[in-house]
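According to our numbering, the residues represented by the sequence shown are 27 to 363, in order.
C-beta: ideal position from N, C-alpha, C; glycine also.
To start, the structure under review is shown below, and the notes come after it.
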Amino acid sequence: MVEQIIKNNNLPLYKIDQFNKAFYGDLVVSFDDITTWSKKERQLLNEIKFISLDVQTQQISKKQDTIKVLFKRKLDGKLIETVLMRFEDGRNTVCVSCMVGCPVNCTFCATGKLGFKGNLTATEIVDQVLYFARILKKEKAKITNVVYMGMGEPMLNLENVQQSIDILTDSNKFGLGARRITVSTSGYVAQFNKLVVDGFRGRVAISLHAPNQVLREKLMPVAKAYSLDQIMQALDNYVALTNKRVSYEYVLINKVNDMQENAQELSELLTGRLAHVNLIPYNSIKGVEYERSTPERIKIFCEVLKSNNINYSLRVTMGDDISAACGQLAGETVERS
Ligand code: SF4
């Protein structure tokens with residue numbers, strides 16, 4: 027869009043670099059702050075919006091380590107949520123949404139209960155990151171990681187997701203290293219293969235949540251479209267190409283997928299693979315009867331993985347007091363829009 031403005035007005039091409047440096051690098055808070063452009067040149071930017079999203083609400087967790095923002099799209103007023111997580115080791119990770127709602131309807135996920143209400147554009151995805159980058163800049167901190175794990179299934183909005191990754195990793199724009207981007211999928215194999223063939227070299231997280239096809243089909247409707255075998259084949263190809271470890275996300279739901287035999291089956295599935303299991307104690311959502319696994323059951327599950335030499339971590343729940351934890355993003359007022 028900026029490129030178009032420059033072209034239409036016969037401005038020199040170096041104006042693009044000046045814009046990118048100010049907008050993505052210096053994180054200006056308005057077009058007026060792009061001082062490398064004259065006032066007259068800046069006025070040309072009035073035909074585009076500085077940011078595509080308005081802040082509806084912003085919540086900070088009691089521990090101050092998580093900020094959740096409910097954004098309202100300027101385009102149609104629909105609401106999405108984005109979360110910044112600040113880790114003790116210095117990582118500042120933004121969890122971005124790529125859709126309003128989600129069509130996949132995983133049984134344990136609040137976003138899935140909303141249904142699908144629209145794809146976000148690449149600009150809207152990038153603007154979520156820039157919003158938090160501007161906040162962090164005030165305290166001389168930076169975004170270190172971006173994870174596509176908010177509202178929506180990235181593989182079903184692939185073109186916009188790819189464009190947003192291009193902007194975030196472009197060294198002349200936001201300049202984040204590719205390995206600092208993590209894209210998640212619930213298992214859309216065809217689109218995932220395209221992402222990899224197109225050159226994606228970031229990290230991958232697969233929402234697994236069950237170690238076998240039968241249980242997976244009960245928890246996630248997508249499992250009927252793409253089998254576990256197909257998913258594992260696609261991930262093996264990705265690992266062969268990139269030598270990068272895959273994260274296997276596994277929500278622990280009491281007496282649903284947290285049995286000792288589930289842990290054993292998961293171990294057998296992942297033995298010999300470059301894998302890390304992210305165990306996520308289930309976060310309760312309205313209208314769903316699942317419960318979080320008890321500490322005893324979680325302990326036994328972990329012990330089985332450990333005894334089988336499977337890399338795993340038990341995710342420390344962040345932001346559950348502001349409904350910002352995994353699976354809880356629902357854009358509280360979306361239902362009314
Ligand atoms: S877990 Fe992800 S893919 Fe499944 S419904 Fe929720 S947002 Fe969609």
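Burial state of residue i, where buried means 16 or more other Cβ atoms lie within 10 Å
| i | result |
| --- | --- |
| Leu141 | This sequence places Gly at residue 141; Leu is not what is there. Per the 10 Å Cβ criterion, exposed. |
| Ala301 | buried |
| Glu361 | The predicted model places Glu361 with a pLDDT of 34, which falls under 50 and marks its position as unreliable; any figure quoted below should be read in that light. Exposed. |
| Lys41 | buried |
| Ala216 | exposed |
| Ile106 | buried |
| Thr108 | buried |
| Ile74 | exposed |
| Lys33 | exposed |
| Asn335 | exposed |
| Pro237 | buried |
| Arg112 | buried |
beta-carbon residue i near the ligand SF4 non-hydrogen atom, thresh 7 Å
| i | result |
| --- | --- |
| Gly144 | no |
Helix, strand or coil at residue i according to DSSP, with G and I counted as helix
| i | result |
| --- | --- |
| Pro237 | coil |
| Met177 | coil |
| Ala231 | strand |
| Arg99 | strand |
| Leu156 | helix |
| Met285 | coil |
| Val109 | strand |
| Gly313 | coil |
| Tyr40 | helix |
| Asn145 | strand |
| Leu292 | helix |
| Lys164 | coil |
| Lys94 | strand |
| Leu53 | coil |
| Cys121 | strand |
| Gly138 | helix |
Host beta strand (DSSP E) of residue i (start-end)
| i | result |
| --- | --- |
| Ala301 | 301-307 |
| Gln90 | First-last for Gln90: undefined, no H or E at that position. |
| Leu18 | For residue 18 there is no data in the structure shown, the boundaries of the chain being 27 and 363. |
| Ser210 | 207-211 |
| Glu275 | 272-278 |
| Leu187 | Residue identity check: residue 187 is Val in the sequence provided, not Leu. No beta strand (DSSP E) holds Val187; the alpha helix (DSSP H) holding it covers 184-195. |
Unbroken alpha helix (DSSP H) run spanning residue i, endpoints
| i | result |
| --- | --- |
| Asn219 | 215-223 |
| Glu114 | Here Glu114 belongs to no alpha helix (DSSP H), and DSSP marks it neither H nor E. |
| Met258 | 254-268 |
| Pro321 | 321-333 |
### Task
Pull every residue with its beta-carbon under 5 Å away from any heavy atom of the ligand SF4, and keep them in chain order.
Cys128, Val130, Cys132, Cys135, Thr137, Gly138, Glu179, Ser212
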